[in-house]
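Engineer: One point on numbering: in the working numbering, the residue at position 162 of the sequence shown is 224, and numbering is uninterrupted. Every residue gets a Cβ at the ideal spot worked out from N, C-alpha and C, and that includes glycine. One structure coming up, written as structure tokens, with questions to follow.
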Amino acid sequence: MKKGFLRWLRNKPATDAGHVYYVKLKTSHGLFYKLGFTQKESIEEWFADEADGTVSLEKVFAFGYRPDAFMVVRRLQKYFRKELAYGKGSRDPMLPLCGTGQCELYRGDVLGLDNDLYLKSDEILKTAADNDAGGCLVITAILVGVVGVPLGGWGIPVLIGVGIWYFFFSSKETEAEIIKQNAQKRPVHPAKIQNLVDNITSSVPLTLRKIE
């Protein structure tokens, strides 16, 4: 624990202010996602300074300034530490970015920002939501108009109970359809983590030149 704290102090910058970035990299070992902190003024400057000739920048999902950027990155990295491609402190010269962020690489899209991965599952979820809305209206109409369940009084808990039952089985069917089509689901994070992710993506530039 003491060694870990001393290592953290050595790596801590003089100020926490800087940029949080989340990018997709193409390397000789495949595609990786990288979450990190930099005090460089642009993603191009960061890439030119830290990447070697075997790495290309495929996509930028986040590059935003925050006065507490360093601590935000550390918090996110701590939460996603089990998802690391090579483990904390990795500096293998045979692997990508040795000494320049190898220990910040992830095999998967941990932040859930690579929308291209989720096109199929998002479409399934949207279709399911549309069907659920229509299905609820039909069930309500049948219960009220045919069965005679009132919209007030004892009818309210009946309608709520039927609605919960309907959505439960609908979600099971949606999950089965996602698995059937081999669609990748977007990761779901706790509210505090998702709030950090949302905040760091708010200042992403609309366009970015692809760097080779």
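(1) Spell out a yes or no on whether the stretch 104-123 and the stretch 144-156 are touching, meaning 3 or more CB-CB pairs, one atom from each, closer than 8 angstroms.
(2) Rounded to whole angstroms, what is the Cα-Cα separation between Asn177 and Pro75?
(3) With contact counted as at least three CB pairs below 8 angstroms, one residue from each stretch, are the stretch 155-168 and the stretch 119-131 in contact?
(4) When you compare the CB positions of Leu97 and Glu166, do they come within less than 7 angstroms of one another, or not?
(5) Leaving out the 5 sequence neighbours to the left and right, which residues in its chain are closer than 6 angstroms to Thr263 when beta-carbon positions are compared?
(6) Would Asp260 be called buried (16 or more neighbouring beta carbons within 10 Å of its own) or exposed?
(7) Pick helix, strand or coil for Phe142, following the three-state DSSP scheme.
(8) Considering only residues of the same chain and omitting the five flanking positions on each side of Tyr84, which have a CB-CB separation below 6 angstroms?
(9) By alpha-carbon positions, which one of Leu179, Thr116, Leu181, Arg136 ends up nearest to Asp78?
(10) Return the chain-ordered list of same chain residues with a C-beta closer than 6 angstroms to the C-beta of Tyr141, the five sequence neighbours on each side being excluded.
(11) Which partner residues of Ser152 appear in the DSSP bridge assignment?
(12) Going by beta carbon distance, what residues of the same chain come within less than 8 angstroms of Arg69, once the five residues before and after it are set aside?
(13) So, under 8 angstroms CB-CB, Gln246 and Leu179 are touching, yes? Tell me the CB distance rounded to an integer number of Å.
(14) Here's a check: name, in chain order, each residue in its chain whose Cβ is nearer than 6 angstroms to the Cβ of Glu112, leaving out the five neighbours to either side.
(15) Looking at Gly174 and the ligand ADP, is the gap between the Cβ and the nearest heavy atom below 6 angstroms?
Structural biologist: By the coordinates alone:
(1) Touching, no.
(2) Residue numbering aside, residue 177 sits at position 115 when the sequence shown is read from its first letter. Residue numbering aside, residue 75 sits at position 13 when the sequence shown is read from its first letter. The alpha-carbon atoms of Asn177 and Pro75 are separated by roughly 32 angstroms.
(3) No, because fewer than three Cβ pairs between the stretch 155-168 and the stretch 119-131 fall closer than 8 angstroms, the two stretches do not touch.
(4) Translated into the one-based positions of the sequence shown, residue 97 becomes position 35. Translated into the one-based positions of the sequence shown, residue 166 becomes position 104. Yes; because the gap between Cβ atoms is below 7 angstroms, this pair is in contact.
(5) On the sequence shown, residue 263 is found 201 positions in, with the first residue counted as 1. Beyond the five residues adjoining it in sequence on each side, Thr263 comes within less than 6 angstroms, by CB distance, of Ala124 in the same chain, given in chain order.
(6) Mapped onto the sequence shown, residue 260 falls at position 198. It counts as exposed.
(7) For the purposes of this step, residue 142 is taken as the residue at position 80 of the sequence shown. Coil at Phe142, not helix or strand.
(8) Reading the sequence shown from its first residue, position 22 is the one you call residue 84. These residues qualify, in order along the chain: Leu97, Phe123, Ala124, Leu173.
(9) Position 16 of the sequence shown, counting from 1, holds the residue named residue 78. Out of Leu179, Thr116, Leu181, Arg136, Arg136 has the C-alpha closest to the C-alpha of Asp78.
(10) As a first step, residue 141 must be located in the sequence shown, where it is residue number 79. Taken in chain order, the residues that qualify are Ile255.
(11) Here residue 152 refers to the residue found at position 90 of the sequence shown. None; Ser152 has no bridge partner.
(12) Mapped onto the sequence shown, residue 69 falls at position 7. Confidence at Arg69 is low in this model, with a pLDDT of 48, below 50, so its placement is unreliable and the value that follows should be read with caution. Its chain contains Gly151 as the residues whose beta carbon lies nearer than 8 angstroms to that of Arg69, once the 5 sequence neighbours on both sides are disregarded; these appear in chain order.
(13) Taking the first residue of the sequence shown as position 1, residue 246 is located at position 184. Taking the first residue of the sequence shown as position 1, residue 179 is located at position 117. Their Cβ separation, rounded to whole angstroms, is 5 angstroms, which keeps Gln246 and Leu179 in contact under 8 angstroms.
(14) Mapped onto the sequence shown, residue 112 falls at position 50. These residues qualify, in order along the chain: Thr162.
(15) The model on display carries no ligand, and the ligand ADP is accordingly not part of it.
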